[in-house]
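Asks: Numbering-wise (the working numbering), the sequence shown opens with residue 24 and increments by one.
Every residue gets a Cβ at the ideal spot worked out from N, C-alpha and C, and that includes glycine.
These numbers were taken from a predicted model, which means no experiment stands behind them.
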Amino acid sequence: MYKIGFACMYRHPGHSESLNELEAIERAFNPRSTTLRWLNSVSQDAAREKLNGIIEHNLAAQLRLLEYVETLPPPLRMLRLSSDLLPFYSHPEAADFYRQASVRAATEKGFALIGEHARAAGIRLSLHPGQYCVLGSDKPQVVENSLAEFEYHADMIRMMGFGRQFQDFKCNVHIAGRLGGEGIRTIWPRLSTEARNCITFENEEKTYGVDDCLQLADLAPVVLDIHHCWINEDRYIDPQDPRVARIIDSWHGVRPAMHYSQPTESLIELGFNVDEKLEIPALLEKVSKRDLYSHSKRMWNRWTNLYAREFLDRFDMMFEAKDKNLATQDYYRDYLETDKVE
Numbered sequence: 024m025y026k027i028g029f030a031c032m033y034r035h036p037g038h039s040e041s042l043n044e045l046e047a048i049e050r051a052f053n054p055r056s057t058t059l060r061w062l063n064s065v066s067q068d069a070a071r072e073k074l075n076g077i078i079e080h081n082l083a084a085q086l087r088l089l090e091y092v093e094t095l096p097p098p099l100r101m102l103r104l105s106s107d108l109l110p111f112y113s114h115p116e117a118a119d120f121y122r123q124a125s126v127r128a129a130t131e132k133g134f135a136l137i138g139e140h141a142r143a144a145g146i147r148l149s150l151h152p153g154q155y156c157v158l159g160s161d162k163p164q165v166v167e168n169s170l171a172e173f174e175y176h177a178d179m180i181r182m183m184g185f186g187r188q189f190q191d192f193k194c195n196v197h198i199a200g201r202l203g204g205e206g207i208r209t210i211w212p213r214l215s216t217e218a219r220n221c222i223t224f225e226n227e228e229k230t231y232g233v234d235d236c237l238q239l240a241d242l243a244p245v246v247l248d249i250h251h252c253w254i255n256e257d258r259y260i261d262p263q264d265p266r267v268a269r270i271i272d273s274w275h276g277v278r279p280a281m282h283y284s285q286p287t288e289s290l291i292e293l294g295f296n297v298d299e300k301l302e303i304p305a306l307l308e309k310v311s312k313r314d315l316y317s318h319s320k321r322m323w324n325r326w327t328n329l330y331a332r333e334f335l336d337r338f339d340m341m342f343e344a345k346d347k348n349l350a351t352q353d354y355y356r357d358y359l360e361t362d363k364v365e
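Given below as structure tokens:
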């Protein structure tokens, strides 16, 4: 059975609530953060108190989000956790704070609960380090910072009880950096066992596409992003393209995960119909390619929705939409709930 999911944040299906009321509801499910500048502007005790409060909130919020996902139908039990649960974890200035026994005990307990709950509820989890995690950089300090950032994610995975075997958890990155895949091969032995068990490589819009990711398939699975591929190659990848089979093979028997998004609803105002196939040449007459990078609120284009559905017999699918869980639930109701996609 397929799973489809959403990334990081909860959106409440507002009805009669005011904006402030909606924000208050969502705040209980979503992570908080702060800035290093603020932490450096107050006393050490105040900074530690602030960080402790944020960590306590974030771990409770993620557990609350899992409890919400557990109420959804089994095909909707897929979730990307936030990367911001432990602020500045990989930053040297926060190292002493996170080495404190009390902080370590609290984080280990919180993440253990998250992992236990996800396994019990059959929720497929993942993480996605941000754009500053550039493992293929040609700048040594960027590589060191990127390794630290990825190992931060590996620590969260480890504390949740994952990372013990190949792809029991997905932690996704773009190839990125001037050295690309060859740079990643160079630093590969420096990644922890948990990191190597969980890392996946996703194609992106500009430089490193599907073919580049497949060149690293001997190291780790490939995550197909069909929106990025569409922009990079100026066409939709055929669901039966031979490369799709190679992507599936890179997962070595684990059900593959892929990403799905659409360009923003602003295209409707430019005359593009919700039922028509979005062709790059026609779009570029009215917008730039960069305008296509941004994600829509909901999955508004029906042609693309039917196209994406053709992958669900073989893939689980992470939706990347601004309305998060609401976009995923709409898609499930409109395209999947009464179907027999397995």
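Assuming residue 259 and residue 343 form a contact by the criterion Cβ under 8 Å, report the distance between their Cβ atoms to the nearest whole angstrom.
Replies: That pair is no contact at about 17 Å.
Asks: Determine, using beta carbons only, whether residue 226 and residue 194 come nearer to each other than 8 Å.
Replies: no
Asks: Between the region 164-184 and the region 198-210, are three or more C-beta pairs nearer than 8 Å?
Replies: The region 164-184 vs the region 198-210: in contact.
Asks: Tell me, please, which residues DSSP counts as bridged to residue 282.
Replies: BP columns for residue 282 point to 248, 341.
Asks: If we count the other Cβ atoms within 10 Å of its Cβ and call it buried at 16 or more, is residue 323 buried or exposed?
Replies: buried
Asks: Please classify residue 65: is it buried, with 16 or more other beta-carbons within 10 angstroms of its beta-carbon, or exposed?
Replies: exposed
Asks: Use the C-beta contact count for residue 121: other C-beta atoms within 10 angstroms, 16 or more gives buried, fewer gives exposed.
Replies: buried
Asks: Closest to residue 144 by C-alpha separation, out of 88, 299, 159, would be which residue?
Replies: It is 88.
Asks: Could you tell me the boundaries of the alpha helix (DSSP H) in which residue 223 lies?
Replies: Not the alpha helix (DSSP H): residue 223 falls in the beta strand (DSSP E), residues 222-225.
Asks: What residue from 54, 75, 175 has the CA that sits closest to residue 114's CA?
Replies: 175
Asks: Output yes or no for whether 8 Å exceeds the beta carbon distance between residue 249 and residue 281.
Replies: yes
Asks: Flag this pair as touching only if the region 333-341 and the region 294-314 have three or more C-beta atom pairs under 8 Å; answer yes or no.
Replies: no
Asks: Run through the DSSP bridge pairs and tell me what residue 166 is partnered with.
Replies: Beta-bridge pairing links residue 166 to no other residue.
Asks: Between residue 183 and residue 137, is the Cβ-Cβ spacing less than 8 Å?
Replies: yes
Asks: In this structure, does DSSP put residue 240 in helix, strand or coil?
Replies: coil
Asks: Compare the Cα-Cα distances from residue 320 to each of 222, 203, 290, 101 and report the closest residue.
Replies: 290
Asks: Among 25, 84, 41, which residue has its Cα nearest to the Cα of residue 50?
Replies: Residue 50 has its Cα closest to that of 84, out of 25, 84, 41.
Asks: Quick one, are the C-beta atoms of residue 104 and residue 31 less than 8 Å apart?
Replies: yes
Asks: Ordered along the chain, which non-local residues of its own chain (more than five positions away) have a Cβ less than 6 Å from that of residue 221?
Replies: 180, 186, 192, 194
Asks: Could you check whether residue 265 and residue 190 sit closer than 8 Å to each other, using their CB atoms as the reference points?
Replies: no
Asks: Which residues in the same chain have their Cβ closer than 8 Å to the Cβ of residue 349, if we skip the five residues on either side of it in sequence?
Replies: Taking C-beta separations shorter than 8 Å and ignoring five residues to either side along the sequence, the partners of residue 349 in its chain run 34, 36, 321, following chain order.
Asks: List the endpoints of the continuous alpha helix (DSSP H) containing residue 140.
Replies: 124-144
Asks: Relative to the alpha-carbon of residue 77, which residue among 62, 90, 206 has its alpha-carbon at the smallest distance?
Replies: 62
Asks: Please confirm whether residue 240 and residue 269 have their CB atoms less than 8 Å apart.
Replies: yes
Asks: Measure how close the beta-carbons of residue 341 and residue 149 come, nearest whole angstrom, since I'm counting them as under 8 Å.
Replies: 7 Å
Asks: If you draw a straight line from the C-alpha of residue 39 to the C-alpha of residue 45, how long is it?
Replies: 9 Å
Asks: Throw me the rounded Cβ distance for the residue 297 and residue 325 pair, which I believe falls under 8 Å.
Replies: By a beta-carbon distance limit of 8 Å, residue 297 contacts residue 325. Their separation comes to about 6 Å.
Asks: By DSSP, does residue 197 sit in helix, in strand, or in coil?
Replies: strand
Asks: Measuring alpha carbon to alpha carbon, tell me which of 133, 112, 26 ends up nearest residue 92.
Replies: 26
Asks: Could you check where the alpha helix (DSSP H) with residue 269 kicks off and where it finishes?
Replies: 265-272
Asks: Under DSSP, the beta strand (DSSP E) around residue 37 begins and ends at which residues?
Replies: Counting along the chain, residue 37 sits inside no beta strand (DSSP E), nor does DSSP assign it H or E at all.
Asks: How is residue 149 classed by DSSP in three states: helix, strand or coil?
Replies: It is a strand residue.
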